[in-house]
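Okay, structure first, notes after.
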Amino acid sequence: MKPSTCGILVTALASMVAAAPAVTAIDPPPTCTMIYGAPILALSDSAAINYLQLTNTYGAATLTDSGYHPQWDFTGGGIGVSGCVGTAPWLTIGTSNGPRKPLSWTRAEITTSWDAAYFKNVTAKATSSYSSTSTFLACRPKKGVISTSTPWKLYLLTDDTPAPAGSVPLYDVEVETCEKTQLFVEPIRG
Numbered sequence: 211m212k213p214s215t216c217g218i219l220v221t222a223l224a225s226m227v228a229a230a231p232a233v234t235a236i237d238p239p240p241t242c243t244m245i246y247g248a249p250i251l252a253l254s255d256s257a258a259i260n261y262l263q264l265t266n267t268y269g270a271a272t273l274t275d276s277g278y279h280p281q282w283d284f285t286g287g288g289i290g291v292s293g294c295v296g297t298a299p300w301l302t303i304g305t306s307n308g309p310r311k312p313l314s315w316t317r318a319e320i321t322t323s324w325d326a327a328y329f330k331n332v333t334a335k336a337t338s339s340y341s342s343t344s345t346f347l348a349c350r351p352k353k354g355v356i357s358t359s360t361p362w363k364l365y366l367l368t369d370d371t372p373a374p375a376g377s378v379p380l381y382d383v384e385v386e387t388c389e390k391t392q393l394f395v396e397p398i399r400g
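Below, the structure written as C-alpha cells:
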C-alpha cells in the first residue's frame, strides 16, 4: 500500500470511530428469585378443612391440602401474590345478593378492603353492604368423585343468618358440606 493510501485509510477509520456511538455495558436482564413465604391456612372446628391452604391461582379461590407458599403482598388493602409475575393474582370479593360472597383470584387488585398481615387472621373490613367479618365458608364442589385433595370452594360469609328469600342458592357446591372457617396468615419462617 502506498503511504498516502495508508494515511487516508487511518484518517477514515479514525473519523468512523469518533462518529460511532460510545460502547456501553449492557445491563443483564433482571433475575427473578421467588421468595417463599407462608401459607394462608383455614382454622376451623371442622377436621375436614382445618389447616387446608388457600390457593393462589386465577379463578375461584379454594382451599386444598398443600403446596401454596408464596410471599403475600398486603399493600393497598389487598391480598396478592408477590414475586416474579408482573400480573400476580389478587384475592377479590365477588358480589351476590346473599350473605355468601364468592372469592376469586383476578389479575387486577379490585378488593382493597382486606385487613391482613403475617401472623394474623384475614378480615374483610366493613363496606356499605356488610359489616367487618373474618368468617368464611368452605364448600365441596359438586363432582362425581371427591377425594381428600379436592379443593373446597371459598366464600366470604357476611352474615350468619340464613340466606334471604330470593338470594342465589349455591348450585355449584354440595351445600351440606359447607363449613365455617377463618383464614390465618402464617408467619414467614426463616
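Residue numbers for the sequence shown follow this note's numbering, beginning at 211 and rising by one.
Idealized CB from N, CA, C, for every residue including glycine.
Close beta carbons around residue i, own chain, < 6 Å, minus the five adjacent residues each side
i: Pro-312; result: Gly-304 and Tyr-365
i: Thr-302; result: Ser-314, Thr-316, Ile-320 and Thr-321
i: Tyr-340; result: Thr-368
i: Trp-300; result: Gly-288, Gly-290, Thr-316 and Glu-319
Sequence-distant residues of the same chain with beta carbon closer than 8 Å to residue i, five excluded per side
i: Ser-254; result: Asn-260, Ala-348, Glu-389, Lys-390, Thr-391 and Gln-392
i: Thr-265; result: Ala-271, Thr-272, Leu-273, Thr-274, Tyr-278, Trp-315 and Pro-361
i: Leu-262; result: Leu-251, Ala-252, Leu-273, Thr-274, Asp-275, Ala-348 and Trp-362
i: Ala-298; result: Asp-283, Gly-290, Val-291 and Ser-292
i: Glu-396; result: Ala-248, Pro-249, Ile-250, Leu-251, Tyr-328 and Phe-329
Residue i - containing beta strand (DSSP E), residue span
i: Arg-310; result: 310 to 316
i: Cys-388; result: Segment: none, Cys-388 is in no beta strand (DSSP E) and carries neither H nor E.
i: Ala-291; result: According to the sequence shown, residue 291 is Val rather than Ala. Here the beta strand (DSSP E) through Val-291 covers 290 to 292.
i: Phe-346; result: 346 to 349
i: Tyr-365; result: 362 to 367
i: Ala-258; result: Run containing Ala-258: none; DSSP gives neither H nor E here.
i: Asp-283; result: 281 to 283
i: Ile-303; result: 300 to 303
Alpha carbon of residue i to alpha carbon of residue j, nearest angstrom
i: Ser-344; j: Thr-274; result: 19 Å
i: Tyr-268; j: Arg-317; result: 8 Å
i: Gly-370; j: Ser-292; result: Note on residue identity: the sequence assigns Asp, not Gly, to residue 370. Near 33 Å, if we compare the C-alpha coordinates of Ser-292 and Asp-370.
i: Tyr-328; j: Ala-252; result: 14 Å
i: Arg-310; j: Val-385; result: 12 Å
i: Gly-286; j: Ser-342; result: 17 Å
i: Phe-394; j: Val-383; result: 23 Å
i: Thr-337; j: Ala-257; result: 31 Å
Residue nearest to residue i in terms of C-alpha spacing, selected from the options
i: Lys-335; options: Ser-323, Ala-257, Ala-327 and Pro-361; result: Ser-323
i: Asp-283; options: Val-332, Val-383, Lys-363 and Ala-258; result: Val-332
i: Gly-288; options: Arg-399, Asp-325 and Ser-256; result: Asp-325
i: Arg-399; options: Ala-257, Val-383, Pro-280 and Asp-382; result: Pro-280
i: Ala-248; options: Ser-338, Lys-330 and Tyr-381; result: Lys-330
i: Lys-353; options: Pro-397, Tyr-381 and Glu-396; result: Tyr-381
Residues near residue i in its chain [Cβ-Cβ closer than 7 Å; skip 5 each side]
i: Thr-387; result: Cys-349 and Arg-350
CB contact below 9 Å: residue i versus chain C
i: Arg-350; result: In the displayed structure, chain C is absent; only one protein chain is listed.
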